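The structure appears below as structure tokens.
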Amino acid sequence: MITIAVTAEREGEPRVAVSPETVKKLSALGCTVKVEAGAGASSRFADETLKAQGAVIAASAAEALGGADILLKVRRPTPEEVKALKPGAIVAAMLSPFDDRPGLDALAGSGAALMAMEFMPRISRAQSMDVLSSQANLAGYKAVIDAAAMFEQAMPMMMTAAGTVPAAKVFIMGVGVAGLQAIATARRLGAIVSATDVRPATKEQVASLGAKFVAVEDEEFKQAQTAAGYAKPMSAEYQKKQAELIASHIKTQDIVITTALIPGRPAPRLVTAAMVESMKPGAVIVDLAAERGGNCELTQPDKVIEHKGVSIAGPINLAGEVPVNASSLYAKNLLAFLETMIDKKEKALKVNWDDEIIKGTLVAKDGRIVHPSLQPQGA
Numbered sequence: 033m034i035t036i037a038v039t040a041e042r043e044g045e046p047r048v049a050v051s052p053e054t055v056k057k058l059s060a061l062g063c064t065v066k067v068e069a070g071a072g073a074s075s076r077f078a079d080e081t082l083k084a085q086g087a088v089i090a091a092s093a094a095e096a097l098g099g100a101d102i103l104l105k106v107r108r109p110t111p112e113e114v115k116a117l118k119p120g121a122i123v124a125a126m127l128s129p130f131d132d133r134p135g136l137d138a139l140a141g142s143g144a145a146l147m148a149m150e151f152m153p154r155i156s157r158a159q160s161m162d163v164l165s166s167q168a169n170l171a172g173y174k175a176v177i178d179a180a181a182m183f184e185q186a187m188p189m190m191m192t193a194a195g196t197v198p199a200a201k202v203f204i205m206g207v208g209v210a211g212l213q214a215i216a217t218a219r220r221l222g223a224i225v226s227a228t229d230v231r232p233a234t235k236e237q238v239a240s241l242g243a244k245f246v247a248v249e250d251e252e253f254k255q256a257q258t259a260a261g262y263a264k265p266m267s268a269e270y271q272k273k274q275a276e277l278i279a280s281h282i283k284t285q286d287i288v289i290t291t292a293l294i295p296g297r298p299a300p301r302l303v304t305a306a307m308v309e310s311m312k313p314g315a316v317i318v319d320l321a322a323e324r325g326g327n328c329e330l331t332q333p334d335k336v337i338e339h340k341g342v343s344i345a346g347p348i349n350l351a352g353e354v355p356v357n358a359s360s361l362y363a364k365n366l367l368a369f370l371e372t373m374i375d376k377k378e379k380a381l382k383v384n385w386d387d388e389i390i391k392g393t394l395v396a397k398d399g400r401i402v403h404p405s406l407q408p409q410g411a
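Numbering (the numbering used here), first residue to last: 33 to 411.
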């Protein structure tokens, strides 16, 4: 029998790592799912609902954790939580592996097998486990909804007997999963949408959603994508040309949503103070890269500020603001991941440590950090 523990997240994190649907499926795989009382409340998953699907509701975190084989979390657990598990237990969570290295080392020292869901390989077999995509999709949607509310004007063009209300102009910077959902949502609301990205493959995606693509399309642009599908850092010369083009475009926009993030690095600076000051009073910027320093020079994480009539929002957990959906999708990501480690016939834990998915996500094992991207440079 496999015992899975799920504890409540830290304050300010409304998501949870299981849903009624995944509790039922994990129970069918032979797992005992112990959930700390109230852990799902912020995602509208009542204890009674989880219990009805087979969960064991534990009165405390300590009771849920005691002797568990696996701990599922949204955010990085505390050392105390990990120490309460069986020796060598598996921890699957969004570990923010590039942040607070001493804290990560302390967790690794417990001997647990730490799995960072952010490191899920970008391969077709792992698409159903891709937490960055499932959460970014919701963040892109919520960014547009929030921006529309802050804008205090109508989004679609409206023709009335009293005159015409013009459509809002929305500019999306960065066309990953969040950016594509932002484009689609802004289009549904009737806005005139444009978008930019340094990856040439995104031009077609932008056009397919009915938006206009804005970029300097030179030779460097044509080579600007890594094998993993991320944007490559661009030369200073290209950045200057692109910045000039963007500066002239941003002046005319009502809403700008920035989504450019490269894992483990500070967010690229896309919007300068001068660009903000060129925008019309009442314009809105929503910066989805706020937690890594922001794409806008003036962004303040977790705050909405106003600069010369332009509102700039720096949300740090937009997916968490639609917690029912975010938790449901995240829990399905975790379920798909766990299914690769469970022998369905024997109903036992059988981890293939050579599996590409396991190797890709494994941050620490047997007391030490093992992931290549977290080793000292030159090691």
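By construction, the Cβ of each residue, glycine as well, lies at the ideal position given by its N, Cα and C atoms.
Computed from a prediction, not measured in an experiment: that's the story for all the values here.
Q) Who are the Cβ neighbours of Lys376 in its own chain at under 7 angstroms, not counting the five residues just before and after it? A) Leu61
Q. Relative to the C-alpha of Ala358, which residue among Asp386, Thr39, Leu146 and Tyr173 is closest?
A. Tyr173
Q: Measure the CB-CB distance between Ile348 and Ala322 and report whether it falls below 8 angstroms.
A: yes
Q: Confirm, please, whether the CB-CB distance from Ala148 to Leu164 is below 8 angstroms.
A: no
Q) Between which two residues does the alpha helix (DSSP H) containing Phe77 stretch? A) No alpha helix (DSSP H) holds Phe77; DSSP gives it neither H nor E.
Q: For Pro46, I'd like the list of residues in its chain whose CB is within less than 6 angstroms of its CB, leaving aside the five on either flank, ordered along the chain.
A: Ser74, Gly352 and Pro355
Q.
Pull the bridge partners of Leu103 from the DSSP assignment, please.
A. Ala37 and Val123
(Q) For Ser51 and Phe203, I'd like the C-alpha separation in whole angstroms. (A) 35 angstroms
Q: Determine the closest residue to Leu350 out of Ala210, Ile390, Ile337 and Gln271, with distance taken between C-alpha atoms.
A: Ala210
Q: With a cut-off of 8 angstroms on the beta carbons, I'd call Ala87 and Val55 a contact; round off their distance for me.
A: 5 angstroms
Q: Could you pull out every residue in the same chain whose Cβ sits closer than 7 angstroms to the Cβ of Ala71, ignoring the five residues on either side in sequence?
A: Val38, Thr39, Ala40 and Val48
Q. For the candidate residues Leu117, Leu212, Asp137 and Leu170, whose alpha-carbon lies nearest to that of Asp101?
A. Leu117
(Q) Let's see if you can read the secondary structure: which residues bound the alpha helix (DSSP H) around Lys56? (A) Pro52 to Ala60
Q) For Lys382, which of helix, strand or coil comes out of DSSP? A) coil
Q | Beta-carbon proximity of Phe151 to Gly392, cut-off 8 angstroms | A | yes
Q: For Val176, collect the residues of the same chain with a Cβ closer than 6 angstroms to its Cβ; drop the 5 residues on either side in sequence, then sort them by chain order.
A: Ala214, Thr217 and Ala218
Q) With a cut-off of 8 angstroms, do at least 3 Cβ pairs link the region 391-407 to the region 134-148? A) yes
Q. Of all the beta strand (DSSP E) runs that stay within the bounds of the region 297-365, which reach a length of 3 or more residues?
A. 316-319, 336-339 and 342-345
Q. Excluding sequence positions up to five away, which residues of its chain have a Cβ less than 8 angstroms from the Cβ of Gln237?
A. Val207 and Leu212
Q. What are the partner residues of Glu68, as DSSP defines its beta bridges?
A. Ala90
Q.
Between Ile224, Arg231, Gln255 and Asp162, which has its C-alpha nearest Gly242's C-alpha?
A. Ile224
Q. From Leu103 to Met190, what does the alpha carbon distance come to, in whole angstroms?
A. 52 angstroms
Q: To the nearest angstrom, report how far apart Ala411 and Val395 are at their CA atoms.
A: Residue confidence is low: Ala411 scores 45 on pLDDT, short of 50, so the model does not pin down where it sits. No coordinate-derived value is stated.
Q. Anyone know if the C-beta pair for Glu269 and Ala305 falls short of 8 angstroms?
A. no
Q) Tell me which same chain residues have a C-beta within less than 6 angstroms of the C-beta of Ala247, skipping the five on either side of it? A) Thr228
Q. Any idea what DSSP makes of Ser166, helix, strand or coil?
A. helix
Q | Bridge-paired residues (DSSP) for Met191 | A | Thr196
Q) Alpha carbon to alpha carbon, how far is Gln407 from Gly141? A) 15 angstroms
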